[in-house]
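Student: All the letters of the sequence shown, read from the start, carry residue numbers 26 to 406 under my numbering. Got a structure here, written out as structure tokens. Questions coming.
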Amino acid sequence: MTANQTNIHFESRGIEFVVKTAEDLSALRASMRKYFEGLQLWPHVDSVLSNHNGAHHCIYRLKESAREQWAPAWDTTRLYATMGIDGQKNTEDLEKEILVAMLIATIPFTFPNFDELVSAIRIRHYVVKAGYKAALNFDTRAIERPADYWHYDEEEGFLLNKGQSIIDGLIKATQPTSSKDAYSFSCYRATEYVILLSIAQELKNVNPDLLKKLELRSERSAIRSGEFHEIFLKEYGTLDHPFPMKYYVPGDRVWFRNPDDRSSDISGYEGSWVIYLGHNLFTNFWKRDQPFSLETKCVEVYHWRDGAFVGDDGELHMDEEIVESCVKQSLANPSKYQMIIDRMMCYRDPQGVYKDGGCIDASRESPRYVRPSTSDLNFSN
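Shown next as structure tokens:
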């Protein structure tokens, strides 16, 4: 597959359940129908049943007629307009936006039962809420967190103070009352804190024993970077089997790659980790009142090449004021704007390659299972 390929064949795979018994299947189908009816979505949903190796498979997906009307070409960034909903102001509308996006997934979201789906959607609500509220300072090297909840260890990272609530600690670290009081984060670590907060909030609802285990582990050693990805998240999609370029589910963690070889050498500018908030908005942790659209995010990442400069120390640095100025000029120039969108709205190149690829990643990330009988969050305390 080439980075610019746009004629990939997609089909909706939706939400898939795998259950063991006919009784489980019957209960699942009753719960799902009641759920869809409560959101006035049941007439727009198809269900498909099959049996493999003694297990019952039940797939729910959006009817193709509704998919073509609401999300042509699997573009979920306009669901708010095509469905006439506003997830920013209405919780049920956000639920619909999440669920409809999941129902047209081209790589299926799989669950062992209805309860895990309920938790997955609730976690996405928490992620979106925390994403809107997060206000941080960008710094890939700074060492600071609220001292009443966190302390720093050279080997183990930021540790939760003994006996403290990890939920309260994560809220205080990421949601200051004023941006002037914001703590310093990289965008990658910021997404970790937002997602961890949301998982912890759902564990409090449904699996308090695992929440306590998480707090004990966080007092001893931070779960971060690659370990965080492995423990807490599932990644869907690859460069060989990507999601559609404009397919996002509210609550997804998303990476925009910097396709410029030179400026991507600057720490923190290899790409941009963000949370999809729905309503065609992505987090802007540094200016929480100015979230990005898919298009403005592409323009911002494009102009990182213009902000790169060699400092007195001989190292590459980024001038954000130049980037902001260039973005403003490009947004006011229709032909320049379209050139940038055409260049950036392509799948990214493979790691280490800087050729024709754009900034769009092939994969999306979302949290693992959390319920006591089915959780796949595995970590030592």
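Don't be surprised by glycine CBs; every beta carbon is placed ideally from N, CA and C. Computed from a predicted structure; not experimentally measured.
Please classify LEU74 as buried or exposed, where buried requires at least 16 neighbouring CB atoms within 10 angstroms.
Tutor: Residue 74 sits at position 49 when you count from the first residue of the sequence shown. Classification for LEU74: exposed.
Student: According to the Cβ coordinates, are ILE110 and ASP100 closer than 7 Å?
Tutor: As a position in the sequence shown, residue 110 is number 85, starting the count at 1. As a position in the sequence shown, residue 100 is number 75, starting the count at 1. Contact annotation: ILE110 and ASP100 have beta-carbon atoms that are not nearer than 7 Å.
Student: By the DSSP assignment, the beta strand (DSSP E) with ASP71 in it spans what residues?
Tutor: Here residue 71 refers to the residue found at position 46 when the sequence shown is read from its first residue. That run of the beta strand (DSSP E) goes 70-77.
Student: Which residue or residues does DSSP assign as beta-bridge partners of PHE134?
Tutor: The count along the sequence shown starts at 1 and reaches residue 134 at position 109. According to DSSP, which records beta bridges pairwise, PHE134 is partnered with ILE40.
Student: Could you tell me the distance, in whole angstroms, from the CA atom of ARG282 to the CA atom of ARG373?
Tutor: Looking up residue 282 in the sequence shown gives position 257. Looking up residue 373 in the sequence shown gives position 348. The alpha-carbon atoms of ARG282 and ARG373 are separated by roughly 7 Å.
Student: Count the other C-beta atoms from every protein chain shown that fall within 10 angstroms of the C-beta of VAL299, then say buried if there are 16 or more, exposed otherwise.
Tutor: As a working mapping, residue 299 is identified with position 274 in the sequence shown. Per the 10 Å Cβ criterion, buried.
Student: Reducing DSSP to helix, strand and coil, say where GLU340 ends up.
Tutor: Taking the sequence shown and counting its residues from 1, one reaches residue 340 at position 315. Coil.
Student: I'd like to know if the region 327-337 and the region 345-363 are in contact, where contact means that at least 3 CB-CB pairs between them fall below 8 Å.
Tutor: yes
Student: Measuring only from the beta carbon, is GLU89 closer than 6 Å to any heavy atom that is part of the ligand GTP?
Tutor: The ligand content of the structure shown is nil, which means the ligand GTP is not present either.
Student: Determine which residues share a DSSP beta bridge with PHE334 and list them.
Tutor: Locating residue 334 in the sequence shown gives position 309, where the first residue counts as 1. Answer is HIS342, bridged to PHE334.
Student: Let me know if THR27 comes out buried or exposed under the rule of 16 or more other beta-carbons within 10 Å of its beta-carbon.
Tutor: If you number the sequence shown from 1, residue 27 lands on position 2. With a pLDDT of only 41 at THR27, under 50, the local geometry of the prediction cannot be trusted, and the value read off the model is given with reservation. Label assigned to THR27: exposed.
Student: So, helix, strand or coil for HIS254, using DSSP?
Tutor: Mapped onto the sequence shown, residue 254 falls at position 229. Here HIS254 sits in helix by DSSP.
Student: Under the three-state reduction of DSSP, which class applies to HIS82: helix, strand or coil?
Tutor: Translated into positions along the sequence shown, residue 82 becomes position 57. DSSP places HIS82 in strand when its eight states are reduced to three.
Student: Using the beta-carbon count (16 or more within 10 Å), is TYR177 buried or exposed?
Tutor: Taking the sequence shown and counting its residues from 1, the one referred to as residue 177 is at position 152. Counting Cβ neighbours within 10 Å, TYR177 comes out exposed, since fewer than 16 surround it.
Student: Do you know whose CA, among ASP367, GLY156 and GLY182, lies nearest GLU252's CA?
Tutor: What you label residue 252 is simply residue 227 of the sequence shown in a count that begins at 1. For GLU252, the nearest C-alpha among the options comes from GLY182.
Student: For THR102, does the count of other Cβ atoms within 10 angstroms reach 16, so buried, or fall short, so exposed?
Tutor: As a position in the sequence shown, residue 102 is number 77, starting the count at 1. By the 10 Å Cβ count, THR102 comes out buried.
Student: Kindly indicate which residue of ILE385, GLY377 and PRO375 has the alpha-carbon position closest to the one of ARG368.
Tutor: Locating residue 368 in the sequence shown gives position 343, where the first residue counts as 1. Selected option, being the one with the closest Cα: ILE385.
Student: Helix, strand or coil for GLU120 per DSSP?
Tutor: If you number the sequence shown from 1, residue 120 lands on position 95. The answer is helix: DSSP assigns GLU120 an H, G or I state.
Student: Alpha carbon to alpha carbon, what distance is there between TRP67 and ARG58?
Tutor: Reading the sequence shown from its first residue, position 33 is the one you call residue 58. Reading the sequence shown from its first residue, position 42 is the one you call residue 67. If I take the Cα positions, the gap works out to 7 Å.
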